[in-house]
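S.K.:
In the numbering used here, the protein residues as written are 3 to 194.
1) To the nearest angstrom, report how far apart residue 102 and residue 114 are at their CA atoms.
2) Taking all protein chains shown into account, do 16 or more other C-beta atoms lie within 10 angstroms of the C-beta of residue 56, making it buried, or fewer, making it exposed?
3) When DSSP labels each residue in this structure, what does residue 24 get in the three-state scheme?
4) Kindly indicate the opening and closing residues of the beta strand (DSSP E) around residue 117.
5) Spatial neighbours of residue 117 within its chain, please: CB distance less than 6 Å, with the 5 preceding and 5 following residues excluded, ordered by chain position.
6) Can you give the Cα-Cα distance for residue 162 and residue 25, rounded to whole angstroms?
7) Give the secondary structure of residue 143 by DSSP, where H, G and I count as helix, E and B as strand, and everything else as coil.
8) Under a Cβ-count criterion, where at least 16 other Cβ atoms within 10 Å of its own Cβ denotes burial, should residue 167 be classed as buried or exposed?
9) Would you kindly report the start and end of the unbroken alpha helix (DSSP H) that includes residue 100?
10) Considering only the beta carbon of each residue, do residue 62 and residue 40 sit closer than 7 Å?
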């Protein structure tokens, strides 16, 4: 999917990977930040707007998290993201990355934008998904933690420990998170 017009450069990737992992206590402001961003996306996308969901740790009341709002945004096609949406967002300072669902996979599964504040800190991760993307399953983990306080507490403890251990290694932090989440997702798939 990426092409020469894509800002998915090695400099952007290096910047994203070199930023430290910081976990902070939960903030009620995260829900409001999501709603504000969702409203902006609904206006921007217009008739192309599909589902827009808040997921990740900032979507779970009481969960410590990186202070970055994760959003899943349904788009009509990845070529539309490349040809239309990126042209509007990149000049506004959004960074675009083409991502695989599984680390090491070479197939592009979704487009991912990083939004930053005026100080260069990440504020939002925007995952552009096709309607039938398997990545919508990420909502199952959110829903599971929202419904299971003991599991949410275990995940919170794990996240704090992993962030402390891998504070300067985002790849290792994400790999540790994936190893924690994967068996839960497999169990959820078996029970559905």
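By construction, the Cβ of each residue, glycine as well, lies at the ideal position given by its N, Cα and C atoms. Every value quoted in this text rests on a predicted model; they were computed, and no experiment measured them.
M.R.: Let me lay it out:
1) 10 Å
2) buried
3) coil
4) 112 to 118
5) 96, 125, 126
6) 7 Å
7) helix
8) exposed
9) From DSSP, residue 100 is part of no alpha helix (DSSP H) but of the beta strand (DSSP E) over 97 to 101.
10) no
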